[in-house]
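Residue numbering for the sequence shown follows UniProt numbering, starting at 1 and increasing by one per position.
Every residue gets a Cβ at the ideal spot worked out from N, C-alpha and C, and that includes glycine.
Structure record follows, encoded as structure tokens.
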Amino acid sequence: MPARVFVLVVVDEPGKDGFLVRRSYTTIHDPYLQALRLRPLDAMREVHPEKYGLWPRGPGSNASIAEHVMGYDKLTSYISTSSDFPGGADRFRGKVIFVDIAKAKRAGAKLVTTQEIKLELDRYAAQYPHLKNRIVRIKSYAEGLDKEVLVKPNPMVPPSGIYTERGLAVTCGATIWMRDARQTR
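Given below as structure tokens:
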């Protein structure tokens, strides 16, 4: 009696809604990372978000969007990324990682767009007029150079939504191969 075998492969296509780009530290010995005085696990999360997920440095922080962007508080519940795919913000150095927007949102993350950042900075400038020049400069960075988008994870973006450059290339290649194999049947 002949038997048939059916194989069903479900492929969750990466980057359905696009990607955000982040530069992460390349080593836990980076002097800037050391200056943050994070716990060892938190430092590993900063260096290897593709393994541990993308976590905010200060999940319980009450820092505002403006305070995060201005750099007043380094341990906030926000994570800076760039919408400039694939290069990201050129002002920063480090390992390039890609955040899958659809997977981040599915995990409960909220995104703060560049336009929303500008509005928050305008409100902050109205509250603190003596910082107007600095706010104008920061706003130009966020809008022009960085194309900044903030991610507020809840509690994290899972590792399945984070890709290194090589990981994204392999995943996209496998997805294309699977799609082509399915269409040739």
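Item                                                                                                              : Value
Of the residues Y124, M156, M44 and G88, the one placed nearest H68, counting alpha carbons only                  : Y124
Residues bridged to L54 [DSSP beta-bridge criterion]                                                              : V157
The stretch 49-56 in contact with the stretch 162-171 per 3-pair CB rule at 8 Å                                   : yes
For K167, the nearest candidate out of D84, R57, V99 and N62 (CA to CA)                                           : Per the sequence presented here, residue 167 reads as Gly, with Lys not at that position. Checked all of D84, R57, V99 and N62; the closest Cα to G167 is V99.
Spatial neighbours of E143 in its chain, beta-carbon cut-off 7 Å, leaving aside the 5 residues before and after   : T114 and K118
The stretch 15-32 contacting the stretch 76-95, beta-carbon criterion three pairs below 8 Å                       : yes
The stretch 33-40 contacting the stretch 121-140, beta-carbon criterion three pairs below 8 Å                     : no
7 Å Cβ shell around A109 - same chain, five flanking residues per side excluded                                   : V151, K152, P153, N154 and V157
Residue 193, buried or exposed, once every other Cβ within 10 Å from all chains shown has been counted against 16 : Look at the range of the chain in this structure, 1 to 185, and you will see that residue 193 is not part of it.
Nearest-angstrom Cα separation, counted from D146 out to D30                                                      : 22 Å
Run of the beta strand (DSSP E) containing L20, from where it starts to where it stops                            : F19 to S24
C-beta contact flag for A63 and L75 at 9 Å                                                                        : yes
Coarse secondary structure for S61, derived from DSSP in three states                                             : coil
Under 9 Å between C-beta atoms of S83 and G60                                                                     : no
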